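Residue numbers (the working numbering): -4 to 1120. For every residue, glycine included, the Cβ atom is placed at its ideal position computed from N, Cα and C. Nothing here was measured: the structure is a model prediction, and the numbers come from that model.
Have a look at this one:
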């Protein structure tokens, strides 16, 4: 239908209809589908209205232009609305859905057209009113991407994000420009705008990949990064957690992006971590998931993940600090469990090849087969516990007789963890239904042990010279051997939870464990589990007896001796004393030097096994061990020779046994402590680590009893440890030293200040951050140490000044070296000395009267130390202006309690008055200090009322403070030197004010008047002016002020009393300056002349001022005096 033009009546009709549609879609989402159809009819009708041009050769799309203009006009009304307006959101959703509707409608119409030729099918798709409308609408929206109004930018990008996924093909030039504009919006300052830009880019990522593939061979250089690379950067570095979450939800997952997606398990935001577990890893692998995510199943399904990734996902989720993330991980585990249904080939089969019944146990076993169960840091145990916490899972777990028939590693692991869980939760009925009797479990262990022996003998028969075709069978035998050993170890762990009141079962288990200990091929892990069972079925004495006998028998067999002592110990009821009485003399062992090389190799292996056996036995002995001759014999025959050998492995295990023996024998520890210290010097690093651990453990166990001997004192041990702390560079040894020292300090076994200072220096050294184990240990230690006791906080506070000055000195000695910033150092000490942290821990620990154990004024003492550093001129370290600024700013961050000892606050305020005589560096430092001083004066106004320096000097409490003040030079180092004979005494004495006018009753005013009051009082009399020798600065002398009146002695001759008063005052001043030296009358006249000459030339010679021209405080003082005059 072709019209030359659209009359106004039709235009009004279409405007009305389109406007009604936009009005309806703002109210509800349910009417959008109906309005899509209605708007499409109007759109189609207007698209058929064309105006012929060029004599009918072409047409002008007047109907489409009218529709597009009217549509854009109504659509643009939502752009100024901010986020959250529901009507605007509904309109944008309607527009995005309409773009999808019209494109789907055009595709359907093309498919219904059956009159097209086959040749036409290969041609490009013709342009339709839908494609033209979509392209023009996108061009219209692009104009608002860079708008100055943030609401317009947000709404435009929201509309693009809604419609871009439903668009057809985009022109390459349009695509590149749109991509560049969207990438620019990812750096927008508004997080909501960045979110919409990320959604649009994620929808364009597939087209970007195809565009990159097509342009890979072209010579056009494009520096624009790919969309996937940009999304990866946003995912890792965007400051907004919501932007990262939306990026995580929309980023396409492939080989390139999947590692970055998994890295969000350690994101700082819990919402991002939860979204990763609940949405990405769980929802998208379910069978009923959205079909558009099916392409990601190959990366997200648990069977497609590597074992390392599976363990990392579960470990990070279950150990997360947020409970929401933990719950999401537990839900993910249930989803993985349900994926292993009866069609899964990973479910175990019976011996005849048929599949076992797919009950809950088999699903769990199939899940366990995807994890490492034998590693020390395995997460499988925590995974099972999370499943057991689910009542629906726990109630369906059962272990019948058939479960024990074909025992595997996964089965043994499951029943052991289940038993451990029931024991910890005190679920007695389930525990009784699960555990077999002792005799039955002993037979199960015996069967598994026999299989292990078969695998060992099979591996030995294969030998290293087997043919190539037998290599696979050899590897299979090794795998079976490892599986049997792991299964045996789990069953032995399970045996520790049994009740050994059944004497028959106890005897059976005892004999079985002893038999296994005699096997030289038994792994150390299984051997230690045997010791655990042996400790359960026997007493401490019997454990020592059995282990010593087994060690002797193993060594006798290795050396070739024919001892018969093993026969008498088969009875488990024989006590240790009876066993020692019945011991028969052993045949002499062959010397090690007389053995062949093969025999020596076997002896070394057996000795290592015996040392491991002894170490496991000593670790399981609790408390003090009574005198035992057999153990002493093994100590002399095996442990001491092992320590003296050169082989590192034998020596290390021997030292470990020696240290454990010292822990249960105080006398041996006292005698051997110095010997262990001597072993450190010439030992390799691995041996040093073992010895230092032994030394610290012995001190922690026996405490100061080790240092009772005169040759071994605490000072000797500290002198031994300190050089190692300073000079040691090996990371593992340094960690051991710091861990040991921190334990001694925390438990107050050796409360040595030097050790604490060196630990702090190690912690604040930037190089320590490279050693993460050491840095994390010290970070945790200092928090626990500082907030444990009031005494610990006091020690930390006392160490601040020394460490701060040492850092300043190091920075001056090596300016280019990497040093900790002074601001960071101060923040660390403020954090450690915070009394509120100590009070919080005391309250959480239910400490009675916790306030009595907390010194809330600890940081006021720290402020006292900081102020002393600011006013002390005799420091060997030159403190820079930046460091002074940091110290002054730190005063404002200190905790000031509401109540404090009045003596402390008066001393602090008295000390603060002397800071004004020092140069603090810059205006920032001065302002910070003035704020702190004003805060103290305002908060403790009552305590500081009627406070004077003279009164404080009379108290013994302040003697140390005034001794410090009297020993320092009151003037700044920046001020010029002057003649001491003409100046007032350097020391500030309370008698100096009274000596100037003894006949006058001068009132002593308190400090509370502030800085200005003190300055005016200093210049309030002519006598004080003459004593201070101060004149106007250069800049102040140029002002129109009254000249200072010159003192002339002739004016005083008329008044004898006044002359005598002045002469008497000047005489006393001269006597005080001469320090008890006799002065005759002529000397007195010369002194008077020296005092008066500078005053007579004050108005004529202002250039000779002693006042520092750069001192802003002095200029302010003089200016105020001139204004008052």
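Here's a check: name, in chain order, each residue in its chain whose Cβ is nearer than 7 Å to the Cβ of residue i, leaving out the five neighbours to either side.
i: residue 878; result: 803 and 817
i: residue 1; result: 44, 57, 58 and 61
i: residue 829; result: 890
i: residue 225; result: 178, 181 and 196
Which of helix, strand or coil does DSSP assign to residue i?
i: residue 2; result: coil
i: residue 367; result: coil
i: residue 935; result: coil
i: residue 335; result: coil
i: residue 1131; result: An answer regarding residue 1131 cannot be provided, because it is not within the stretch -4 to 1120 covered by the chain.
i: residue 1180; result: Outside the modelled stretch of the chain, which goes from -4 to 1120, sits residue 1180, for which no answer is possible.
i: residue 54; result: strand
i: residue 377; result: helix
i: residue 565; result: Reliability fails at residue 565, whose pLDDT of 45 lies under 50, so the model's placement of it is uncertain and no value is given.
i: residue 627; result: helix
i: residue 993; result: Low local confidence applies: a pLDDT of 33 at residue 993 is under 50, so the model's placement there is unreliable, and no value is given.
i: residue 941; result: coil
i: residue 197; result: helix
i: residue 791; result: helix
i: residue 809; result: coil
i: residue 123; result: coil
Using C-beta distances below 8 Å, list every residue in its chain close to residue i, excluding the 5 sequence neighbours before and after it, in chain order.
i: residue 125; result: 97, 98, 100 and 101
i: residue 320; result: 265, 268, 269, 272 and 312
i: residue 404; result: 368, 369, 478, 481, 482 and 485
i: residue 244; result: 270, 274 and 275
i: residue 794; result: 748, 751, 752 and 755
From what residue to what residue does the alpha helix (DSSP H) around residue i run?
i: residue 692; result: 680 to 697
i: residue 878; result: 876 to 886
i: residue 408; result: 404 to 420
i: residue 65; result: 57 to 70
i: residue 46; result: That residue, residue 46, is in no alpha helix (DSSP H); its beta strand (DSSP E) goes 46 to 48.
i: residue 517; result: Premise fails: residue 517 is in no alpha helix (DSSP H) and is neither H nor E.
i: residue 311; result: 302 to 313
i: residue 179; result: 167 to 180
i: residue 242; result: 236 to 245
i: residue 648; result: 643 to 659
i: residue 545; result: 535 to 554
i: residue 780; result: 767 to 781
i: residue 723; result: Segment: none, residue 723 is in no alpha helix (DSSP H) and carries neither H nor E.
i: residue 612; result: 592 to 614
i: residue 589; result: Neither: residue 589 is in no alpha helix (DSSP H) and is coded neither H nor E.
i: residue 266; result: 265 to 270
Cβ of residue i within 8 Å of Cβ of residue j?
i: residue 686; j: residue 693; result: no
i: residue 737; j: residue 776; result: yes
i: residue 229; j: residue 274; result: no
i: residue 92; j: residue 38; result: no
i: residue 948; j: residue 935; result: no
i: residue 511; j: residue 444; result: yes
i: residue 901; j: residue 942; result: yes
i: residue 144; j: residue 75; result: yes
i: residue 885; j: residue 823; result: no
i: residue 507; j: residue 437; result: yes
Since residue i and residue j are thought to touch, with beta carbons under 8 Å apart, how far apart are those beta carbons, to the nearest angstrom?
i: residue 356; j: residue 409; result: 7 Å
i: residue 648; j: residue 603; result: 6 Å
i: residue 176; j: residue 137; result: 6 Å
i: residue 30; j: residue 77; result: No, residue 30 and residue 77 are not in contact; Cβ-Cβ is about 25 Å, not under 8 Å.
Ignore the nearest five residues each way along the sequence and tell me which others in residue i's own chain have a CB closer than 6 Å to its CB.
i: residue 288; result: 279
i: residue 183; result: 189
i: residue 664; result: 657, 693 and 697
i: residue 13; result: 65
At what residues does the beta strand (DSSP E) containing residue i begin and finish?
i: residue 758; result: Run containing residue 758: none in the beta strand (DSSP E); it sits in the alpha helix (DSSP H), 748 to 759.
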